[in-house]
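Please read the structure below before turning to the comments.
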Amino acid sequence: MAELAPTQTTAPRSRDVIVALGYGLACHTLFVAGVGTMMVAMFFGMSRSLGTLRLPWSALANGLLLLQFPVLHSALLSRPGRAMLSRLAPFRLGGRLSTTTYAAIASAQVGALFLLWSPSGIVWWSAQGTTLAVISGFYAAAWLLLLKSIVDAGMAMQVGSLGWWAVARGVAPVYPPMPRTGLFRLCRQPIYVAFALTLWTVPTLTPDQLVVSSVLTLYCLIGPLFKEARFRRLFGETFVAYQQAVPYWFPWPRRVPATPPRRNDLTIYDVDASGWWDGTVRWRRQLRKLVPARMAYLDRLVPDWQKRRILDLGCGGGYMAEALAERGAHVVGVDPSGAAIAAARDHAQAGGLLIDYRVGVGEAIPVESRMMDIVVCVDVLEHVVDLDAVLAEVGRVLRPGGLFVFDTINRTRLAVFVIVTLGESMLRLLPRGTHDPAKFIRPTDLRARLKAHGFTPSRMVGFGPRGLDRQGDFRFGPLPTASIMYLGHAHAAPAGP
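Per the UniProt record's numbering, the sequence shown starts with residue 1, numbered consecutively.
What follows is the structure, given as structure tokens:
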């Protein structure tokens, strides 16, 4: 899974050969021991290992064992990690032995996790007879698939023999090209896919197995994002073309088209606008279920909504507008989608709510200057054509000292993975093409732009999914990190002297 830059070699010396052979022996011993331990431990659902701790210490120790693998594994692939690896051998051999050292450390981590785990002693289910034979066959097939993936990626690189064998022969390591053959023709991450399959094809189900499999599967989803970022730096347009032609995880029957999908596609708000409120479309249900978390934030800022003049900018079908109107505010809802405005207007009238809905865009808000006490703008800023024009318009329609409340998506790799890769492409929680990562906004950038338009921004806080409800939809609330989505507010400039 590593790709480390080759370094210049020197003629072989006896001491170099001895060091290389020692590193190779240690690496491959750890590799065989680590993989063998994992195969046996997972087969028995993590119910048999050397760990003997009991609660609460077992939970703490097991948690640390689980975290050490993905955290250190990823850290070693970072630039500081690669620099550290290059120093972990004598006689200045660290650079050439870095792949061997990396494989040895990763193998030791795997062995520690599965050998030192403290079992809970609970076994939910254990296959017997024919069922055991069938599931064991799937388990073996998953491991064979993993072996095939490793071979396709470059066996010497993956198991650590590339480094020590090159040093022993006194030649420069020859690193394999970007893998595009074998299973890599079907999906870009066959190693991670096969590894995940080994976690879920076991014949023994226990709480331990469920925890280990869930955490490591999450790593298999997130880890490749950082790997692909490195590949983009290393291979440039070659990797971009490969990325567009081959799916990320699973070889779906329909390949990703050579032409990238349209991004920031807002036509979704016009499709079947009559279904905004019937709960049949999942992504609209999710939008509606964001309202309680957003209103909890707003209610802390505005204790009394009575007769406040509120603009819901980018109101869509009216979810936030109705929540505000129900609190006694005078609400104006603006959205570029005429179909969404019509659906919002019909639903408000049916519910007896007086909301002034208007078709318009944020760059030219159809509201008179200094008319609004508060502007609410949620799930909008990451879609607008001209962010500065929108902020200028918000400042225009707010009264002096008025409140601007917003949320948007952070411009981070994690946000791209959660919103675009996971939300749109893999789980299909959102229509593909809804978001353009290039339009995501860092809090520091948004703060600077707000100040440039005369606002005084306050602290921005993270929020996002915090679990599932009975329908299998996400529940939303505050998060300790703003790396995916964040809420914030700012005050317009006060009146002049």
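Built from N, CA and C at the ideal position, the CB exists for glycine as well.
- Unbroken beta strand (DSSP E) runs of no fewer than 3 residues, entirely contained in the region 365-429, are found at 372-378 and 398-409, following chain order.
- Each residue's CA atom was taken as its position, placing Leu115 and Gly63 some 14 angstroms apart.
- The Cβ atoms of Tyr219 and Pro70 sit closer than 8 angstroms to each other.
- Rounded to the nearest whole angstrom, the C-alpha separation of Ala108 and Thr37 is 11 angstroms.
- With distances taken between CA atoms, Ala153 lies nearest to Leu183 out of Trp125, Arg82, Trp143 and Leu183.
- Shortest Cα-Cα distance from Val420 to any of Pro80, Met485, Leu290 and Arg466 involves Met485.
- Within the same chain, Gly328 come within 6 angstroms of Gln306 by CB-CB distance, once the 5 residues on both sides are set aside.
- In the structure shown, Ala490 adopts extended strand secondary structure according to DSSP, grouped into three states.
- Ranked by how close their Cα comes to the Cα of Gln68, the residues Thr206, Ala33, Leu113 and Gly34 have Leu113 in first place.
- Taking a contact as a CB-CB distance under 8 angstroms, the pair Thr100 and Tyr175 does not count as one, their CB atoms being some 13 angstroms apart.
- For Asp335, the uninterrupted beta strand (DSSP E) run begins and ends at His330 to Asp335, by DSSP.
- Judged by DSSP secondary structure, Arg169 falls within the alpha helix (DSSP H) whose first and last residues are Ser161 to Arg169.
- Shown here, Trp276 sits in coil according to DSSP, grouped into three states, outside any helix or strand.
- Assigned with DSSP and collapsed to three states, Ser126 falls in strand.
- For the alpha helix (DSSP H) assignment, the uninterrupted runs of no fewer than 4 residues enclosed by the region 180-247 are, from N- to C-terminal side, 190-200, 207-235 and 237-245.
- Ala172 and Leu97 have their alpha carbons spaced roughly 11 angstroms apart.
- Per DSSP, Val291 has no beta bridge partner at all.
- For a cut-off of 8 angstroms, the C-beta gap from Val390 to Val384 is around 5 angstroms, short enough to register as a contact.
- Between His435 and Glu382, the CB-CB gap stays under 8 angstroms.
- Apart from the 5 residues on each side of it in sequence, Ala492 sits with its Cβ closer than 7 angstroms to the Cβ of Gly395, Leu398, Pro400, Gly401, Gly402, Phe404, Gly454 and Phe455 in its chain, given in chain order.
- Here the C-alpha atom of Arg13 lies approximately 8 angstroms from the C-alpha atom of Ala168.
- Take Pro465, set aside five residues on each side of it, and the residues of its chain with a beta-carbon closer than 8 angstroms to its own are Phe474, Arg475 and Phe476, in chain order.
- Residue state for Ile484 is assigned as coil, using DSSP reduced to three classes.
- Taking Gly81 as the centre and dropping the five residues before and after it, the same chain places the C-beta of Ala75 closer than 7 angstroms to its C-beta, in chain order.
- Arg413 places its beta carbon less than 8 angstroms from that of Leu225.
- DSSP links Leu311 through a beta bridge to Val332 and Val375.
- In this structure Tyr248 touches Arg188 by the C-beta definition: roughly 6 angstroms separates them, less than 8 angstroms.
- When DSSP states are grouped into helix, strand and coil, Arg327 belongs to the coil group.
- Counting along the chain, Leu468 sits inside no alpha helix (DSSP H); it lies in the beta strand (DSSP E) bounded by residues Val461 to Leu468.
- With contacts defined as CB atoms closer than 8 angstroms, Val331 and Ala321 qualify as a contacting pair.
- Fewer than three Cβ pairs drawn from the region 230-244 and the region 297-315 lie within less than 8 angstroms of each other, which leaves the two stretches out of contact.
- Boundaries of the beta strand (DSSP E) around Asp356: Ile355 to Val359.
- Residues Leu287, Arg288 and Val291 of the same chain have their beta carbon placed closer than 7 angstroms to that of Tyr319, with the five preceding and five following residues left out of the count.
- Membership of Gly317 in any beta strand (DSSP E) is not indicated, and neither H nor E is assigned to it by DSSP.
- Leaving aside the five residues that flank Arg180 on each side, the residues in its chain whose CB is nearer than 7 angstroms to its CB run, in chain order, Tyr242.
- Boundaries of the alpha helix (DSSP H) harbouring Arg79: Arg79 to Leu85, taken from the DSSP string.
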